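Engineer: Remember, the working numbering sits 36 above the position in the sequence shown when you count from 1.
Every residue, glycine too, gets a C-beta built ideally from N, C-alpha and C.
Just so it is clear, the structure is predicted and the values come from calculations on it, not from any experiment.
Quick one: this structure, given as structure tokens, is what I'll be asking you about.
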Amino acid sequence: MKINHPALINSLRLAYSAEKAAAYAYVGHARSLKNPDEKVAVQQIENDEWEHRKNVLRIMQQHEVSVSKYFEFKYNLIGLLISFSCYFIGRFMPYFFAGKLESGNVCEYFRMMKYFHSIGITKHDKVLHEMGIKEKEHEVFFLEMIKDEKWMPLFEKIFNWGVNNSSNDVDLEIENDPNYSEKKEYCKN
Ligand SMILES: [Fe+2]
Ligand SMILES: [Fe+2]
């Protein structure tokens, strides 16, 4: 079914291309890390992003939304640049900016869900919810890796993300609580 919702179409196209940028960035990030466990963890996150890209494409195909060549080009370049830069900027910064980015991405999928609802489509709820939660898990992982580092307070002040600041209101404790059945509405603002 074709959809007529420009904002939704744009966010699908953007997400599809940005997932590739993220995956590319994590290739460089994983390679730049010395600790083997951290390497594996970041590689797993890379795989998650490829999976997200597949999911988004599947949704796009169902609604005859084409891939944006412009976004593909732009995010390809951004991904490769970030990937490359990870070799030169030490351990802290790749984790920090990955975490900040993931923090902003979390609501993208919840917002998409709302756009779909506004045109009466609920069949993508599960996959969109899962992707949003997965991005939150990525954010939490990146934060864990650097939360005690000496640069954290300064970077948190400048870039408004860190131990006490997040760009979303998703709560993994609620998500993982089997007794919590009531659905909380995330990303209202
Ligand atoms: Fe993703
Ligand atoms: Fe992610």
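Given M188, which residues of its chain have a CB within under 7 Å of its CB, disregarding the five upstream and five downstream residues?
Structural biologist: Correct list, in chain order: I182, G198 and V199.
Engineer: Would you kindly check if the distance between the Cβ of C122 and the Cβ of N204 is under 8 Å?
Structural biologist: In this structure, C122 does not lie closer than 8 Å to N204 by Cβ.
Engineer: Distance, Cα to Cα, N112 vs N215?
Structural biologist: So the two alpha carbons sit approximately 42 Å from each other.
Engineer: Would a C-beta distance cut-off of 8 Å place A61 and S119 closer than the cut-off?
Structural biologist: Cβ distance < 8 Å, so A61 and S119 count as in contact.
Engineer: Spatial neighbours of M96 within its chain, please: CB distance less than 8 Å, with the 5 preceding and 5 following residues excluded, ordered by chain position.
Structural biologist: Excluding positions up to five away in sequence, the list reads L48, R49, Y52, S102 and V103.
Engineer: Could you check what DSSP says for K220 in three-state terms: helix, strand or coil?
Structural biologist: The answer is coil: DSSP assigns K220 none of H, G, I, E or B.
Engineer: Just to confirm the assignment: which complete alpha helix (DSSP H) runs, minimum length 4, are found wholly within the stretch 49–117?
Structural biologist: Counting only runs of 4 or more, we get 72–98.
Engineer: Which residues have their C-beta within less than 7 Å of a heavy atom of ligand 1, listed in chain order?
Structural biologist: In chain order, the qualifying residues are E55, A58, D84, E85, H88, N141, M167, K170 and E171.
Engineer: In this structure, does DSSP put E185 in helix, strand or coil?
Structural biologist: Coil at E185, not helix or strand.
Engineer: Secondary structure at N215, three-state DSSP: helix, strand or coil?
Structural biologist: Three-state result, N215: coil.
Engineer: Tell me which residues share the same chain as G140 and place their Cβ nearer than 6 Å to its Cβ, disregarding the 5 neighbours each side in the sequence.
Structural biologist: Result list for G140: S203, in chain order.
Engineer: Below 8 Å on the Cβ atoms is my contact criterion, and I expect D84 with K170 to pass it. Report the Cβ-Cβ distance as a whole number of Å.
Structural biologist: About 6 Å separates the two Cβ atoms, so the contact holds.
Engineer: Using only CA atoms, which one of K159, K172, H160 and K56 lies nearest to G135?
Structural biologist: The shortest Cα separation from G135 among K159, K172, H160 and K56 belongs to K172.
Engineer: Applying the 10 Å Cβ sphere with the 16-neighbour rule, what's the burial state of E209?
Structural biologist: E209 should be labelled exposed.
Engineer: Taking its Cβ as the centre, do 16 or more other Cβ atoms sit within 10 Å of K56, making it buried, or is it exposed?
Structural biologist: The residue in question, K56, is buried, as its Cβ has 16 or more Cβ neighbours within 10 Å.
Engineer: If I follow the unbroken alpha helix (DSSP H) through Y151, where does it start and stop?
Structural biologist: Where Y151 is concerned, the enclosing alpha helix (DSSP H) stretches over F128 to S154.
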